[in-house]
Amino acid sequence: MLELVRELDLDPDHFVIFGSAPLFVQDLRDDIQDLDVLARGSAWEKVTSSGGAKATGTETGDVVWQFHGGRIQFSQQWISADFDTDALIDGAKLVDNLRFAQLDEVLRYKELLGRSKDHDDIAALREHLRLTPALAGAT
């Protein structure tokens, strides 16, 4: 699936892959079903003119662009304004010339949403980051 992002030939300094993909590339997860990507500047401009399907984000209500049957989704903002797109992109971890969100940011968003499907990811992230539930913000 990461090759599908590469095919769009986006400026790697203008997007970050978020969601569960950062866990996958750091061997904290065996597979992923989709890719969530934040984009800005030239990457966003290219995404909006690359033939994707225009949709609405489930968390923000913002415009998102979907590719490959919705398996890759691009947005300009993460789930809330608490996540600064520029800071996420600029602070991302570079893996094979693709930027991935830092694991502490992935943990923060998964805990914020509190979805049951993320429980295993949260546990893996806490273990990897060596956080106890209390230190990670859990109640």
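Numbering-wise, the numbering used here puts 1121 at position 108 of the sequence shown, and it's gapless, one number per residue. Note that the Cβ used here is the ideal one computed from N, Cα and C, for glycine as well.
Selected residue, minimal CA-CA separation from residue i, among the options
{"i": "Gln1079", "options": "Phe1028, Ser1088 and Ala1066", "result": "Ala1066"}
{"i": "His1141", "options": "Leu1120, Leu1126, Ser1129 and Gly1127", "result": "Leu1120"}
{"i": "Lys1130", "options": "Leu1101, Gly1032, Val1018 and Arg1019", "result": "Gly1032"}
{"i": "Leu1017", "options": "Asp1040, Leu1048 and Asn1110", "result": "Leu1048"}
{"i": "Gly1083", "options": "Asp1099, Lys1123, Glu1124 and Gly1070", "result": "Gly1070"}
{"i": "Asp1097", "options": "His1081, Leu1015 and Tyr1122", "result": "Tyr1122"}
Through-space distance from residue j to residue i, alpha-carbon basis
{"i": "His1027", "j": "Asp1103", "result": "8 Å"}
{"i": "Gln1046", "j": "Gly1064", "result": "21 Å"}
{"i": "Arg1112", "j": "Val1029", "result": "5 Å"}
{"i": "Gln1086", "j": "Ile1092", "result": "13 Å"}
{"i": "Val1038", "j": "Ile1135", "result": "16 Å"}
{"i": "Leu1041", "j": "Gly1074", "result": "30 Å"}
{"i": "Leu1015", "j": "Glu1072", "result": "23 Å"}
{"i": "Val1060", "j": "Ala1068", "result": "13 Å"}
{"i": "Ala1151", "j": "Arg1139", "result": "Caution applies to Ala1151, whose pLDDT of 48 falls short of 50 and renders its modelled position unreliable; the value that the coordinates give is listed next. Rounded to the nearest angstrom, the two C-alpha atoms are 11 Å apart."}
{"i": "His1081", "j": "Arg1019", "result": "13 Å"}
{"i": "Asp1043", "j": "Asn1110", "result": "21 Å"}
{"i": "Asp1099", "j": "Val1076", "result": "18 Å"}
{"i": "Arg1128", "j": "Ala1105", "result": "24 Å"}
{"i": "Glu1124", "j": "Ser1062", "result": "34 Å"}
Residue i vs residue j beta-carbon contact at 8 Å
{"i": "Pro1035", "j": "Ala1137", "result": "no"}
{"i": "Leu1051", "j": "Ser1088", "result": "yes"}
{"i": "Glu1118", "j": "Leu1107", "result": "no"}
Check whether the segment 1051–1060 touches the segment 1019–1039, counting contact only when three or more Cβ pairs, one atom from each stretch, lie closer than 8 Å.
Enough Cβ pairs lie closer than 8 Å, so yes.
Residue ranges of each beta strand (DSSP E) run of no fewer than 3 residues wholly in the segment 1017–1049, ordered along the chain?
For the segment 1017–1049, the full-length beta strand (DSSP E) segments reaching 3 residues or more read 1028–1031 along the chain.
Length-filtered (3 minimum) beta strand (DSSP E) runs lying within the segment 1034–1120:
The segment 1034–1120 contains these whole beta strand (DSSP E) runs: 1048–1052, 1066–1069, 1076–1080, 1085–1088, 1106–1108 and 1111–1113.
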